[in-house]
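*Asks:* Residue numbers (the working numbering): 274 to 389.
1. Using the Cα positions of residue 296 and residue 313, report the straight-line distance between them to the nearest angstrom.
2. Give me, in chain order, the residues of the same chain whose beta-carbon lies closer than 7 Å to that of residue 285; leave out the 5 immediate sequence neighbours on both sides.
3. Taking the DSSP output, what are the residues bridged to residue 323?
4. Between which residues of its own chain and residue 372 is the CB-CB distance below 6 Å, once the five residues before and five after are set aside?
5. Considering residue 293, what are the terminal residues of the beta strand (DSSP E) in which it resides?
6. With DSSP run on the structure shown, which of helix, strand or coil describes residue 336?
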């Protein structure tokens, strides 16, 4: 069974939460979970991913921040501890940005990284 309100693994800023809520409404659902995860791959060895899910998996930690329910699986927890998910808007483009204190090397794309 998924656990609820474990120690904080990641922070989702108010701006990111606002955008997540906006995207949920575009999906026609406002009760989805935001999954933030790490997977193998990318030019630096690991990559970030985000997506919506209707139900948590058994090994998920469930967090709630700024009225957004967040899922983090067991594998991703160690790589995301202390990370901040933000939404950036600039002349060069807009999108989610993850700032992660565990990263020792990252690709210029900002989505691929490695840790020690």
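Backbone N, C-alpha and C define an ideal beta-carbon position, used for all residues, glycine too.
Since we're looking at a predicted model, the values are computed, not measured.
*Replies:* In brief:
1. Here residue 296 refers to the residue found at position 23 of the chain shown. Here residue 313 refers to the residue found at position 40 of the chain shown. Rounded to whole angstroms, residue 296 to residue 313 spans 26 Å at the Cα level.
2. In the chain shown, the residue the question calls residue 285 occupies position 12. The answer, listed in chain order, is 338, 339, 341, 343 and 358.
3. Reading the chain shown from its first residue, position 50 is the one you call residue 323. Beta-bridge pairing links residue 323 to 309.
4. By one-based count along the chain shown, residue 372 stands at place 99. Taken in chain order, the residues that qualify are 357.
5. Numbered from 1 along the chain shown, position 20 holds the residue referred to as residue 293. No beta strand (DSSP E) contains residue 293, which is instead part of the alpha helix (DSSP H) from 287 to 300.
6. Position 63 of the chain shown, counted from the start, is the residue given in the question as residue 336. Of the three classes helix, strand and coil, the one that applies to residue 336 here is strand, per DSSP.
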